[in-house]
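In the numbering used here, the protein residues as written are 61 to 226. Built from N, CA and C at the ideal position, the CB exists for glycine as well. Structure first, then comments.
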Amino acid sequence: MSPRVSHLDNEQCRQCTSFADYMKENKKRLVEEQDRRKGQGVCDAEGAVGSRRPDCPLDKDELGQKSWGLLHTIAAKYPKKPNDSDKQDIKTFFNVFAKLYPCSHCAEGLREDLKEHPIRTNNQDELSQWLCEIHNRVNLKIGKPAFDCSKVHERWRDGWKDGSCD
Ligand SMILES: Cc1cc2nc3c(=O)[nH]c(=O)nc-3n(C[C@H](O)[C@H](O)[C@H](O)COP(=O)(O)OP(=O)(O)OC[C@H]3O[C@@H](n4cnc5c(N)ncnc54)[C@H](O)[C@@H]3O)c2cc1C
């Protein structure tokens with residue numbers, strides 16, 4: 061005899077279908093729900109029902125990716141021969157960024173790092189290397205591979221030497 065479901069909270073159970081039929085029906089409903097939510101572009105956590113549409117609020121990793129993009133690009137555009145005002149501006153920027161970054165434990169980590177490894181503002185190359193090292197310390201902390209900082213200008217300023225960004 062097939063096992064019976066004991067819940068009485070839906071039509072399936074009330075009809076006393078077999079457990080296998082009940083599970084089959086449940087799966088069907090799950091797929092229908094997924095399709096419905098996909099159609100609506102429901103914003104779910106990764107792996108949950110439905111697909112995540114591209115214009116949802118940023119999660120920690122998306123925020124990180126986009127923020128690193130901004131930071132490395134700012135460093136890539138920093139003057140080769142900065143004046144005092146350029147130097148002051150970039151220092152202020154990183155200090156304020158580390159206060160406002162909207163992932164509190166990330167921001168706290170950055171503030172600590174800035175204390176231990178003060179910003180190097182003498183020229184564009186120096187700033188980019190400094191930032192690459194900061195990023196690598198975060199990579200290390202969260203178990204990601206280190207980036208080769210000798211390639212930081214190819215990645216963020218000039219494009220790869222093989223011409224793949226041209
Ligand atoms: C200031 C800051 C602090 C953060 N702190 C934390 C934290 O404490 N915990 C946490 O879980 N997440 C933190 N994050 C997020 C985390 O760093 C990643 O952004 C996130 O995990 C997504 O990683 P990703 O693999 O997509 O690549 P990302 O690390 O976001 O990198 C984006 C791209 O940058 C390039 N890149 C990688 N490393 C370097 C480097 N060293 N120099 C130059 N370019 C590089 C690569 O091409 C990579 O694809 C932080 C982000 C920021 C901006």
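Relative to ligand 1, Gln-184 has its C-beta separated by 7 Å or more from all heavy atoms.
In this structure, DSSP gives Lys-151 a helical state, which the three-state scheme calls helix. In the DSSP assignment, Asp-208 falls outside any alpha helix (DSSP H), carrying neither H nor E. For Cys-192, the uninterrupted alpha helix (DSSP H) segment begins and ends at 184-201. Inside the segment 116-150, DSSP marks whole alpha helix (DSSP H) runs of 4 or more residues at positions 120-137, from first to last along the chain. Between the segment 138-146 and the segment 165-180, the count of C-beta pairs closer than 8 Å stays below three; the two stretches do not touch. Within the model, the alpha-carbon separation for Pro-142 versus Gln-184 is close to 8 Å. The segment 117-136 makes contact with the segment 148-163: 3 or more CB pairs, one atom from each, lie closer than 8 Å. For Tyr-138, the CB stays at least 7 Å from every heavy atom of ligand 1. Of the candidates His-132, Asp-121, Asp-222, Glu-168, the residue whose Cα lies closest to the Cα of Val-212 is His-132. In the displayed model, Trp-220 falls within coil according to three-state DSSP, outside both helix and strand. In this structure, DSSP gives Cys-163 a state outside helix and strand, which the three-state scheme calls coil. Taking C-alpha positions only, Gly-223 is separated from Arg-215 by approximately 12 Å. Here DSSP, grouped into helix, strand and coil, assigns His-177 to coil. Cβ-Cβ separation between Leu-187 and Ile-150: approximately 7 Å, consistent with a contact (criterion under 8 Å).
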